[in-house]
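Per numbering that gives the first Met the number 0, the very first residue in the sequence shown carries number 0; after that it's consecutive.
Shown next, in structure tokens, is the structure this report addresses.
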Amino acid sequence: MVKVLFVDDDEYILTAYQRMLRNTGFDCIFLSTPELIWQQPELDQLDIVVADHHMPGLNGTELLEQLAKRYPKIKRVLISGDLYSACRYQGAMLYHATLEKPCSKASVLQCLTELSGLL
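Next comes the structure, spelled out in structure tokens:
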């Protein structure tokens, strides 16, 4: 089963992802604080991390950059309402995929399914 971690400071958005991915075959974890990612006991067993760009403190791009350095095998997805600015921030090469916010269930599932095939 593909393990996916979602990080977004908006609890409403995390709840929407939970509903979207219920009964899909993805094993999902949801965090509302990006700094908590380093406390996850099975971080090295994650397949995909999906992070919102705009979060207080550590933003999604910074989080994915740190993740890429520590765990380069984990696939990284950035979600943002302004992908142009977010990707310019560090460059799109940091991500395996990007999603425009708000994103539909179909686009989330397609992204995760495509990345799962790369594992």
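All C-beta atoms, glycine included, are put in the ideal place defined by N, C-alpha and C.
*Do the CB positions of Ile73 and Asp51 come within less than 7 angstroms of each other?*
For Ile73 and Asp51, no; Cβs fall outside 7 angstroms.
*What number of angstroms, rounded off, separates the C-alpha of Pro101 from the C-alpha of Met0?*
26 angstroms
*Supposed contact pair Glu34 and Gly59 - C-beta distance, whole angstroms, cut 8 angstroms*: Between Glu34 and Gly59 the Cβ distance is about 12 angstroms, and since that is not below 8 angstroms, they are no contact.
*From Val6 to Gln39, what does the alpha carbon distance come to, in whole angstroms?*
12 angstroms
_Output needed for Leu45: all residues of its chain with C-beta closer than 6 angstroms, excluding positions within five of it in sequence on either side, in chain order._
Hits under 6 angstroms: Lys2, Leu4 and Ile73.
*Neighbour-count burial assignment, Tyr11, 16 or more Cβ in a 10 Å radius*: Flag for Tyr11 reads exposed.
*Give the C-beta separation of Leu93 and Leu63 to the nearest angstrom, bearing in mind that I take them to be a contact with Cβ-Cβ under 8 angstroms.*
6 angstroms
_Local Cβ density within 10 Å of Pro69, reported as buried at 16 or more and exposed below that_ = A small fix is needed here, since residue 69 is Arg in this sequence, not Pro. The residue is exposed, with fewer than 16 neighbouring Cβ atoms inside 10 Å.
*Quick one: what's got a C-beta closer than 6 angstroms to Cys27's C-beta in the same chain, skipping five residues either side?*
Val3 and Leu20
*Those residues which DSSP pairs with Ser106 across a bridge*: DSSP, once it has assigned bridges, lists no residue as partnering Ser106.
_Please state the DSSP three-state secondary structure of Tyr51._
Looking at the sequence itself, residue 51 is Asp, so the reference to Tyr does not match. If DSSP states are grouped into helix, strand and coil, Asp51 belongs with the strands.
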